[in-house]
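A short worksheet on the structure shown next.
There are 2 protein chains.
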Amino acid sequence: MTDIFSLKVEELAAKIKDAQISSVEICERYIERINKFEKDIKAWAHFDKKVLLEKALEADDHRKSGKPLGPLHGIPVAVKDIIGTVDMPTECGTVIRKGKSYSQNAEIVDLLLNAGAIVMGKTATSELAYLGPPKTTNPHDYSRTPGGSSSGSAASVASFMAPLSIGSQTGGSIIRPASYCGIVGYKPSFGLISRNGVLKTSNTLDHIGMFGRTVEDVALLAKILIKKDKHDPATIHYSTENILEETKKGPLFEPKFIFYKTDFWKMIDKKSKESFEYFIKSFKNIEVFDTPSYFKDIHKYHQIIHETDLANNFSVYYKKYKSKLSKFMQSAIAKGNKYSAKEYAEAIDFKKQSYDSYQEVFEDYHGVITPSSPGVAPKGLTNTGTAEFNKVWSYLGTPCISLPLLEGENKLPLGVQLVGDRYDDHRFLGVAKWLEKECQE
Amino acid sequence: MTDIFSLKVEELAAKIKDAQISSVEICERYIERINKFEKDIKAWAHFDKKVLLEKALEADDHRKSGKPLGPLHGIPVAVKDIIGTVDMPTECGTVIRKGKSYSQNAEIVDLLLNAGAIVMGKTATSELAYLGPPKTTNPHDYSRTPGGSSSGSAASVASFMAPLSIGSQTGGSIIRPASYCGIVGYKPSFGLISRNGVLKTSNTLDHIGMFGRTVEDVALLAKILIKKDKHDPATIHYSTENILEETKKGPLFEPKFIFYKTDFWKMIDKKSKESFEYFIKSFKNIEVFDTPSYFKDIHKYHQIIHETDLANNFSVYYKKYKSKLSKFMQSAIAKGNKYSAKEYAEAIDFKKQSYDSYQEVFEDYHGVITPSSPGVAPKGLTNTGTAEFNKVWSYLGTPCISLPLLEGENKLPLGVQLVGDRYDDHRFLGVAKWLEKECQE
């Protein structure tokens, strides 16, 4: 029997195409894992194995008919439960939306379906993609958080309950759970993937991202999902024709990196710090730099935008169902209601200035490296950890990826975050692949 | 002697290229006009005929050397005094900046120079491109305003003191003065022209635009100025390769138009209303529609964004030199200081929703027509008129153009505003050309 868990998704899709394995067989293997681990990990907000097998059977029938196949034909993909799906509820991690559905598929769901993929289920999310934690646990230690808000998306891939998943990031909701769960998490540049039909928490900060086991896996999924959509005016035309090839090829020359420890270095556990120090020393092409002063301003401005936008987008919930919102959300909205328009406008405006400063890095370097998270997954399930190492890049809209290259305390996984230049995702993924490969050798 | 004032700018540039006329001869003709009319019209914030003639001589020497020539080689262009120029002051219409210069040329100034054009001088602007009027008068009646804030840019072209000029629009600062002065004024889609090195009043609303005597003239200038600039992140890649050809060619079929009288129809003088009614009746392809309900919201949101951004961008002036600011600016900043972040975020967010509604028009029609201004230029120089017919399009970022097709009260010029779909400027200019031509025949 093929060990489907050790294959890249592209290889798995090729095997389906060549009839070496069926979509039903693959889905059955994932269902086995779900039967075994879901009771402890609680990664799914909605999962129906019968429906999944029906969809897989349909995919296999389609293949047998000889009709053309999409690049993800028959591959199951898990989707965060803030992403609209017509045939499953979209509860957005809040009791207020218990059992409620969206009337249309999100644009990215249709893109998945067009590529032949199967939406295998909806993964648990923090409340309204903010900080209120779902019940999901960390596959490496059930007493710890998997991170959030894309908790179930990260945990499902980490526990081999799904080969790929889609999540979102407004603060650190892709990179942090990827780090805590020991998988690859990729947030493309702002404006590459449509948010149409996805819960809006902040138009300025919301990004779609994805989880997989390798850089190539997330690049393959990105190739499907990156597309200009007139219903999300933030999206731009961006050709992904060669994105997978460029990822595989990697950079022509050895890349040079800047490592920012940042002001939050002190939050990191001792063992994780040692791992990072060892990592830095083992590359002669990594230089440690002082934290740029604009990082501090960005943290302030990110918070103003995020809280104001939550207050705006969830004002009806706040008015009608305040007691059903978590203390995290209540506090954010209360703060968001108090900022002035001037503060908000200033927060928006600072993006250009800080991005100009950030961009100078790429005159001499090929990537910025930082921790993905302040150490390993924290104990307990009452919060999902913090996004100190992620907010800057959510604000600037640069591509970032967490690579599961290190271990911290208790041999728990620890992500290395690579950050690139905006709209340079092709080359960026190639550099990420280079880093991944170097650490395997 | 060539009647340079009746030529299109493209024809004039061709004559320079073919040595049928020199840049010095052309500039001398404009200097004659300036000598004659500037004392009454006061269109210039900075003009030095000696320097202009030196630049023209240089242009002629360049041509004689046989070196390649840009498309505007030797053509003088007037530039609004909020656009940075290293060799002339940039006072932005406020005493606070009296005699002050920018340290760099604006990106669009460099684009002009690269095209071989001559920056002939700086044109008078309302205070900080808002409502405080400059001394400029209307060339058709010195007792009336030329409109603003691009007062001098419009008046200089209208009085044949310049063949082309650049202005800007945040509310109605291109379309309104074009209407009052009886020339063509064009504001391209948001994001086509860089604002780098231009006074920032509102990142969300500020547009660069231009004035000329014909649609082809402004299309030629647009072709030079439209360019993605990494220093203005709002700019997009937009090919202008065929923009002039598409403008000349016009639409393949007779276009269909919607006319919105809007809620401000009642502000228009009787004679202007009659002109519009006659205009509407004379085209069987114009249908009068009720004003969409979202126009009212946009007016509210435009004001919130505009005043907040003024409060933010001019906070130092407000703190240090409040008494030197006009009552218009003081009042706007005072209001801008009071909005909440929620109101501002809501104002920004509404753009997508309202644009979606607006865009539906283009499923069946090729353009929207409205008055360019509430009638002809008002009497007096204490204000520059109002932007009721312009704010919607500044907010939505759609292309718009004012065509000098009608007359109102006292036989004063009255503009017809054509509005298109965002990023459809090629086709839009072709439709504008069609309308211009129909009215000439």
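As you go down the protein sequences, you meet chains A and B in turn.
Quick note: the first sequence uses the numbering used here, first residue 67, plus one each step.
Quick note: the second sequence uses the numbering used here, first residue 67, plus one each step.
Cβ atoms here follow ideal geometry from the backbone N, Cα and C, with glycine treated the same way.
Listed along the chain, the chain B residues whose CB falls inside 7 angstroms of the CB of T374 (chain A) are A407, K408 and A411. In the three-state scheme derived from DSSP, where H, G and I count as helix and E and B as strand, E454 (chain A) is classed as coil. Among the residues facing chain A, K418 (chain B) is included, as its CB has a counterpart in that chain under 7 angstroms away. Judged by DSSP secondary structure, I87 (chain B) falls outside any alpha helix (DSSP H); it is assigned neither H nor E.
Taking C-beta atoms under 8 angstroms as the contact rule, I274 (chain B) and I148 (chain B) fail to qualify, at a distance of about 10 angstroms. For the segment 350 to 382 of chain A, residues whose beta-carbon sits nearer than 9 angstroms to a beta-carbon of chain B comprise I370, I371, E373, T374, D375, A377, N378, N379 and S381. Only residues of its own chain outside the window of five on either side were considered, and among them W110, F113, K115 and M227 have a CB closer than 8 angstroms to the CB of I100 (chain A), listed in chain order. Exclusion of the five residues before and after T151 (chain A) leaves V145, S167, Y168, N171, A172, V175, V185 and K188 as the residues of its chain whose Cβ lies within less than 8 angstroms of its Cβ.
Counting the other Cβ atoms within 10 Å of the Cβ of V427 (chain A) gives 16 or more, which makes it buried. For a cut-off of 8 angstroms, the C-beta gap from I371 (chain A) to I414 (chain A) is around 7 angstroms, short enough to register as a contact. For the segment 391 to 407 of chain A, residues whose beta-carbon sits nearer than 9 angstroms to a beta-carbon of chain B comprise G402, N403, K404, Y405, S406 and A407.
Cβ proximity to chain A below 7 angstroms picks out P299 from the segment 284 to 301 of chain B.
Excluding the 5 residues flanking it on each side, K362 (chain B) has same chain C-beta neighbours closer than 8 angstroms at D329, in chain order.
Residue environment: N308 (chain A) is assigned as exposed (fewer than 16 neighbouring CB atoms within 10 Å of its CB, all protein chains considered).
Beyond the five residues adjoining it in sequence on each side, K83 (chain A) comes within less than 8 angstroms, by CB distance, of R129, L135 and H139 in the same chain, given in chain order. The beta carbon of G278 (chain A) lies closer than 6 angstroms to those of L230, V250 and V284 in the same chain, with the five residues before and after it left out.
Note on K102 (chain B): under 16 other CB atoms within 10 angstroms of its CB, so exposed under the neighbour-count rule. One finds I414, D415 and K418 in chain A with Cβ atoms closer than 8 angstroms to the Cβ of N269 (chain B), taken in chain order. Looking only at A:K401, A:L376 and A:H368, the smallest Cα-Cα distance to W459 (chain A) is reached by A:H368. Under the three-state reduction of DSSP output, N476 (chain B) falls in the helix class. Beta-bridge partners of E412 (chain A) (DSSP): none assigned.
What Y421 (chain A) touches in chain B, judged by beta-carbon distance under 9 angstroms, is P299, going in chain order.
Under the 10 Å beta carbon count, Y384 (chain A) is surrounded by 16 or more other beta carbons and is classified as buried. Here DSSP, grouped into helix, strand and coil, assigns A144 (chain B) to strand. Comparing alpha-carbon positions, the option among A:T202, A:R95, A:A181 and A:G165 lying closest to T448 (chain A) turns out to be A:T202.
G213 (chain B) and P200 (chain B) do not touch by the CB rule: their CB atoms are close to 11 angstroms apart, not below 8 angstroms.
By the 16-neighbour rule on beta-carbons within 10 angstroms, E98 (chain A) is exposed. For the segment 169 to 253 of chain B, the continuous beta strand (DSSP E) assignments of 3+ residues that do not extend past its boundaries occur at 184 to 189, 231 to 235 and 250 to 253, in sequence order. When secondary structure is reduced to three states using DSSP, G402 (chain B) falls in the helix class. A:S468 is the residue among A:Q506, A:S468 and A:D490 whose C-alpha sits nearest the C-alpha of G248 (chain A).
Judged by pairs of C-beta atoms under 8 angstroms, the segment 336 to 344 of chain A does not touch the segment 283 to 298 of chain A, as fewer than three such pairs exist. Comparing alpha-carbon positions, the option among B:T160, B:R210, B:A181 and B:D207 lying closest to S192 (chain B) turns out to be B:T160. For V497 (chain A), the enclosing alpha helix (DSSP H) begins and ends at D491 to Q506. Distance from the Cα of T270 (chain B) is smallest, within the candidate group A:E104, A:A411 and A:K327, for A:A411. Secondary structure of Y431 (chain B) (DSSP, three-state): coil.
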